[in-house]
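Undergrad: The structure follows.
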Amino acid sequence: MFEESVSFGVFRMFFIVTVSILSVELKIATQLPIAIAIRNLYFHPLSRYPGPSTWCAFRFRYCYTLWKGDLVQDLHRIHLQYGPFVRVAPNEISVAHPDGWDDIHRRRPGHLSFPKNPIWWGELPDRTPSIVSAATPEDHKRMRDLLSHCFTPKALKAQESTINLHINKMIEELRKRCLQGQNSKSAVVNIVEWFCFVTFDITGDLGFAESFHCLESNSMHPWVEELFSYGRVGALVAAMRHYAVLFKIFMQCIPKSVLDASLANFNWGVQKTHQRLNLEVQREDWIKYILHNSNEETGDSLSIGELENNMNVLIFAGSDTCSTVLSGTTNHLIKSPHALLKLTNEIRTTYSSMAEMTFESLQRLSYLNAVIEEGLRMCPPNPSGLQHIVPVGGDTVLGHWLPAGTHVGVHQQSLYRSPHYFHEANTFHPERWLSSAKSLPGSPFRDDKLEAVQSFSTGTWGCIGKGLALAELRSVMARLVWNFDMSVAPGGRDVDWLSQKSYAMLERQPLDVQLVLERSETL
Numbered sequence: 001m002f003e004e005s006v007s008f009g010v011f012r013m014f015f016i017v018t019v020s021i022l023s024v025e026l027k028i029a030t031q032l033p034i035a036i037a038i039r040n041l042y043f044h045p046l047s048r049y050p051g052p053s054t055w056c057a058f059r060f061r062y063c064y065t066l067w068k069g070d071l072v073q074d075l076h077r078i079h080l081q082y083g084p085f086v087r088v089a090p091n092e093i094s095v096a097h098p099d100g101w102d103d104i105h106r107r108r109p110g111h112l113s114f115p116k117n118p119i120w121w122g123e124l125p126d127r128t129p130s131i132v133s134a135a136t137p138e139d140h141k142r143m144r145d146l147l148s149h150c151f152t153p154k155a156l157k158a159q160e161s162t163i164n165l166h167i168n169k170m171i172e173e174l175r176k177r178c179l180q181g182q183n184s185k186s187a188v189v190n191i192v193e194w195f196c197f198v199t200f201d202i203t204g205d206l207g208f209a210e211s212f213h214c215l216e217s218n219s220m221h222p223w224v225e226e227l228f229s230y231g232r233v234g235a236l237v238a239a240m241r242h243y244a245v246l247f248k249i250f251m252q253c254i255p256k257s258v259l260d261a262s263l264a265n266f267n268w269g270v271q272k273t274h275q276r277l278n279l280e281v282q283r284e285d286w287i288k289y290i291l292h293n294s295n296e297e298t299g300d301s302l303s304i305g306e307l308e309n310n311m312n313v314l315i316f317a318g319s320d321t322c323s324t325v326l327s328g329t330t331n332h333l334i335k336s337p338h339a340l341l342k343l344t345n346e347i348r349t350t351y352s353s354m355a356e357m358t359f360e361s362l363q364r365l366s367y368l369n370a371v372i373e374e375g376l377r378m379c380p381p382n383p384s385g386l387q388h389i390v391p392v393g394g395d396t397v398l399g400h401w402l403p404a405g406t407h408v409g410v411h412q413q414s415l416y417r418s419p420h421y422f423h424e425a426n427t428f429h430p431e432r433w434l435s436s437a438k439s440l441p442g443s444p445f446r447d448d449k450l451e452a453v454q455s456f457s458t459g460t461w462g463c464i465g466k467g468l469a470l471a472e473l474r475s476v477m478a479r480l481v482w483n484f485d486m487s488v489a490p491g492g493r494d495v496d497w498l499s500q501k502s503y504a505m506l507e508r509q510p511l512d513v514q515l516v517l518e519r520s521e522t523l
């Protein structure tokens, strides 16, 4: 009897203790988030700045919309509601103001530079850093100084024939499709696909000494297809990095098959890089300029791991950005007949053959350049912009003090589509980039803040391949309108540009364009 009462007493005590512990843990589980939310909303150093309360209270809302691919659109809506300087997470500020470029990206006397945010730009484990993911300003400068030799005006001039070879090949393939239409001499094509073909064939040739043969096969190379599939994974990785513990668990839970596939994809690029290094033939490509300007004694060189990773990065970045801008610009051109007609007239009255379309001469065409600039404004290749971190000691952005470690960036889509800085900001108007837009008293674009558009970024972290990209964009667009009359394909697939998903990159949707062959002569 005594033993039974003791056992019951022990059980009762264990039960009470267990319930008490669970009760305390339940209270902590329910009250801690409330305490965190109150702290972030009312007592955080950034609590004075406007923003949606659910975003300001917890980082989860930001990560969730990033994972869904809706971050670009959601931040755009937030800026429209709250203004050019908004809080979008407990420790993050989004800027949609022209002065943001000066404060965040360019060097200011007496200020430290804002480093890139490793949440977005950190390298994967066991991967050598590239120019994109370099951990220190010193490493980034060393890589940038060396890689920039690949994109000088002299290098671009030497690479011009290689680049135009592939663009002419694209035109030839599109002409074949039109000629298959017999009397109509027309064809409907997914132009987004063709822009991917030509841009990757170009960068493959410049980087690996061999194109991906996309134009020949009329299909994407498996290596390129695999790269595109990592866009959503990249967004998920960035979202998880905001939670250090979850990120470690996440990385450990990735199936081995996925990791093996990623490694195999990377190693394929490594193999192609080494094949190029072993070539004895001199070529006007990126490897030539890197090797020619390397000096191991002074430290002005890349390790073999850095070279391997940078070649992968340059090939993808150089292709995806151009194909995005070409797709977006064409999408707006075919829906703006007046602009398309002006561009077509400029190109066809200036050139009697494609052989005359040199990089130098195309650079002088005012309306072609205006179309490209407006395409970059309406369809920037990185609509979210590059994320940075406020340096040690804190600093100001737009006159607002931000503590060290604050995440901050210029949100390009919100800035470029702002009615405060552009007349009819959501309408495709190449005329805003013409000199007459500023000189004519009655011009509706006279007060446009054109300097706000920095689609290739600016300052220390600006894109080193801007010159190559612009030359490529001009050459493709000029040859396209010289050879074909373009229009919206009746009943074809259309694109609402702003509704497209954006993960680590923009997930472009198919765009059907009707091409009618204008030139009867063969290439």
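The sequence shown runs contiguously to residue 523 in my numbering. Don't be surprised by glycine CBs; every beta carbon is placed ideally from N, CA and C.
(1) Which residue or residues does DSSP assign as beta-bridge partners of K116?
(2) Please tell me whether L415 and V189 are closer than 9 Å, where the distance is taken between their beta carbons.
(3) Check A187 in the structure and name its three-state DSSP category.
(4) Tell me the DSSP bridge mates of W401?
(5) When the Cβ atoms of the segment 364-373 are set against those of the segment 433-441, are three or more pairs found closer than 8 Å?
(6) Out of V192, L362, L473, G405, point me to the one whose CA is closest to V495's CA.
(7) Assign Q412 to one of two classes, buried (16 or more other C-beta atoms within 10 Å of its C-beta) or exposed (fewer than that).
(8) If you run the structure through DSSP and keep just helix, strand and coil, what is G409?
(9) I want to see whether chain B comes within less than 9 Å of L279, judged by CB atoms only; does it?
(10) Tell me, which residues are paired with N295 by DSSP?
(11) Sorted by chain position, which residues of the same chain lie with C-beta nearer than 8 Å to V24's C-beta, five sequence neighbours on each side aside?
(12) Answer yes if the segment 147-160 comes into contact with the segment 277-289, meaning at least three C-beta pairs across the two stretches below 8 Å, and no otherwise.
(13) Between the C-alpha atoms of E424 and Q387, what's the straight-line distance to the nearest angstrom?
(14) Taking Cβ to Cβ, would you say F332 is nearer than 9 Å to F445?
(15) Please state if the CB of S455 and the CB of P84 are separated by a distance shorter than 9 Å.
(16) Check for me: the beta strand (DSSP E) holding Q363 runs from which residue to which?
(17) Just how far apart, CA to CA, sit E360 and I163?
(18) Would you decide whether L515 is buried or exposed? Buried here means 16 or more other CB atoms lie within 10 Å of its CB.
(19) Please go through the segment 78-155 and give each complete beta strand (DSSP E) segment of 3 or more residues, from N-terminal end onward.
(20) How many Å lie between Y82 and H44 at the Cα?
(21) Once you ignore the five residues that flank E518 on each side, which residues in its own chain have a CB closer than 7 Å to its CB?
(22) Does the pairing of the segment 248-257 with the segment 106-117 give three or more beta-carbon distances under 8 Å?
(23) Taking DSSP as the reference, what is the three-state secondary structure of S487?
(24) Quick check on the burial criterion: 16 or more other C-beta atoms within 10 angstroms. Buried or exposed for H97?
(25) If you follow the alpha helix (DSSP H) that V224 is in, where does it begin and where does it stop?
(26) Report the residue from T344, K169, L46, G207 whose alpha carbon sits nearest the alpha carbon of V198.
(27) When we look at the beta-carbon of I28 and count the other beta-carbons within 10 Å, is it buried (16 or more) or exposed?
(28) Can you name the residues that DSSP bridges to V513?
(29) State the DSSP-derived secondary structure class of E434, mapped to helix, strand or coil.
(30) Please classify Y42 as buried or exposed, where buried requires at least 16 other C-beta atoms within 10 Å of its C-beta.
(31) Can you list, in chain order, the residues of its chain with a C-beta nearer than 8 Å to that of D300? Leave out the 5 residues immediately preceding and following it.
(32) Opposite L506 in the DSSP bridges: which residues?
TA: Judging by the given coordinates:
(1) H388
(2) no
(3) strand
(4) T396
(5) yes
(6) V192
(7) buried
(8) strand
(9) Among the chains of the structure shown, chain B does not appear; only one protein chain is present.
(10) D300
(11) Residue confidence for V24 is low, a pLDDT of 48 falling below 50, so the modelled location carries little weight and cannot support an answer.
(12) yes
(13) 28 Å
(14) The question names Phe, but residue 332 in the sequence shown is His. No.
(15) no
(16) Taken as a continuous stretch (DSSP letters only), Q363 belongs to no beta strand (DSSP E), as it is neither H nor E.
(17) 14 Å
(18) buried
(19) 85-89, 92-95
(20) 19 Å
(21) N483, F484, D485
(22) no
(23) strand
(24) buried
(25) 222-241
(26) K169
(27) Caution is warranted here: a pLDDT of 49 is assigned to I28, below 50, making its placement in the model unreliable, and no coordinate value can be reported.
(28) V189, V488
(29) Correcting the residue identity first, residue 434 is Leu in this sequence and not Glu. Note: L434 maps to coil in three-state DSSP.
(30) exposed
(31) R142, D145, L146, N293, S294
(32) S502
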